[in-house]
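Participant: In this note's numbering, the protein residues as written are 1 to 257.
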């Protein structure tokens with residue numbers, strides 16, 4: 001299933017010319033269930049902040065919600081939805097493209113990550129044009145891994161190619177303190193962990209530090225999954241950790257679009 005709408009109407013070839021030829025814009029990705037989304041306000045704030053930074057324009061939250069609802073229509077209640085924002089072409093306002101695909105969940109099997117020497121440009125924005133992520137992701141998959149782990153100078157860990165990553169030392173969750181996209185699932189989990197007896201912190205994490213951790217996990221809009229291996233280092237699945245993370249995530253309310 002794939003449905004694409006541009007400014008509230010089925011996308012035409014002329015409208016798709018903009019994203020095809022102009023590699024400048026941003027987006028957010030969400031899972032919709034029964035017409036609801038976790039962290040809807042965070043998605044809207046992300047879109048608005050990026051629109052201001054990239055296009056010096058404001059983005060009406062109600063307009064975004066209207067376009068999502070219209071793209072879902074009356075026949076789709078569960079879906080993977082992306083909302084893209086592109087700059088003005090001949091119009092006076094930014095354009096919004098909504099794509100709708102079938103619902104997705106994070107594979108629950110332990111993920112194997114390959115560290116690569118790459119960091120996303122302008123990492124705080126979820127921008128289009130992820131050539132580096134795709135390139136290194138393909139190399140990782142070619143070598144038998146599931147995903148690339150992006151690192152900076154000195155092997156400082158930033159994020160997964162399409163995920164955030166957290167580490168657990170038996171007591172505390174550590175989120176890498178490095179330039180990276182602050183994913184919505186990370187933002188939903190982080191402030192709730194302490195209340196579940198699982199304190200968390202931000203700190204620099206290098207590849208050389210990995211043996212000091214008992215477990216690791218990744219997050220994105222599709223959910224949470226354990227990490228089983230980074231390069232040659234294996235991690236046991238933190239069963240209690242993953243159970244707590246799942247329980248915390250389940251407490252996050254679903255917002256009506």
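No residue lacks a Cβ here, since even glycine has one placed at the ideal position from N, Cα and C. Here the structure is a predicted model, which means the values were calculated and not measured.
Among the candidates 68, 66, 32, whose CA atom is the shortest distance from the CA of residue 78?
Facilitator: Residue 32 is the option with its Cα nearest to residue 78.
Participant: Tell whether a beta-carbon distance below 7 Å holds between residue 161 and residue 178.
Facilitator: Contact flag unset, no.
Participant: Find out if the Cβ-Cβ distance for the pair residue 186, residue 248 is shorter than 7 Å.
Facilitator: In this structure, residue 248 does not lie closer than 7 Å to residue 186 by Cβ.
Participant: Nearest to residue 114 by alpha carbon, out of 220, 17, 207?
Facilitator: Closest option to residue 114, Cα to Cα, is 207.
Participant: Taking 8 Å as the cut-off, does the region 188-205 touch the region 225-236 (at least 3 CB pairs, one atom from each stretch)?
Facilitator: As far as the Cβ criterion goes, the region 225-236 does not touch the region 188-205, which means the pair count is below three.
Participant: Could you tell me the distance, in whole angstroms, from the CA atom of residue 106 to the CA atom of residue 220?
Facilitator: Approximately 8 Å between the Cα atoms of the pair.
Participant: Would you kindly check if the distance between the Cβ of residue 59 and the Cβ of residue 47 is under 7 Å?
Facilitator: Closer than 7 Å, so yes.
Participant: Compare the Cα-Cα distances from residue 99 to each of 175, 19, 170, 155 and report the closest residue.
Facilitator: Minimum Cα distance to residue 99 is reached at 19.
Participant: Residue range of the beta strand (DSSP E) that residue 84 falls in?
Facilitator: That run of the beta strand (DSSP E) goes 79-86.
Participant: Given 8 Å as the limit, is there contact between the region 142-159 and the region 81-90, that is, 3 or more CB pairs closer than that?
Facilitator: Short answer: they don't touch.
Participant: Let's test the definition: count the other Cβ atoms within 10 Å of the Cβ of residue 156 and tell me whether it reaches 16, buried, or not, exposed.
Facilitator: Buried, because 16 or more other Cβ atoms sit within 10 Å of the Cβ of residue 156.
Participant: Does the beta carbon of residue 121 sit closer than 7 Å to a beta carbon anywhere in chain C?
Facilitator: Checking the listed chains, one finds no chain C in this structure; it contains a single protein chain.
Participant: Across which residues does DSSP place residue 159 in a beta bridge pair?
Facilitator: DSSP, once it has assigned bridges, lists 150 as partnering residue 159.
Participant: Under three-state DSSP, which class holds residue 227?
Facilitator: Of the three classes helix, strand and coil, the one that applies to residue 227 here is strand, per DSSP.
Participant: Between residue 96 and residue 30, what straight-line distance do the alpha-carbon atoms span, to the nearest angstrom?
Facilitator: Looking at the two C-alpha atoms, the distance is approximately 15 Å.
Participant: If you draw a straight line from the C-alpha of residue 81 to the C-alpha of residue 122, how long is it?
Facilitator: The straight-line gap from Cα to Cα measures roughly 23 Å.
Participant: Assuming residue 218 contacts residue 246 (C-beta within less than 8 Å), just tell me the rounded distance between them.
Facilitator: About 13 Å separates the two Cβ atoms, so there is no contact after all.
Participant: Can you tell me the Cα-Cα spacing of residue 44 and residue 25, whole angstroms?
Facilitator: So the two alpha carbons sit approximately 15 Å from each other.
Participant: Starting from residue 242 and walking both ways along the alpha helix (DSSP H), at which residues does that stretch end?
Facilitator: Run containing residue 242: 239-250, per the alpha helix (DSSP H) assignment.
Participant: Could you work out which residue in 9, 142, 120 is closest to residue 163 when comparing CA atoms only?
Facilitator: The residue with the shortest Cα to Cα distance from residue 163 is 120.
Participant: Of the residues 211, 73, 251, which one's Cα is nearest the Cα of residue 170?
Facilitator: With distances taken between Cα atoms, residue 170 lies closest to 211.
Participant: Return the first residue and the last residue of the beta strand (DSSP E) that residue 232 is part of.
Facilitator: Element bounds for residue 232: n/a, residue is neither H nor E.
Participant: Using the DSSP secondary-structure output, state which residues sit across from residue 261 in a beta bridge.
Facilitator: Residue 261 cannot be examined here, being either before or after the span of the chain that is shown, 1 to 257.
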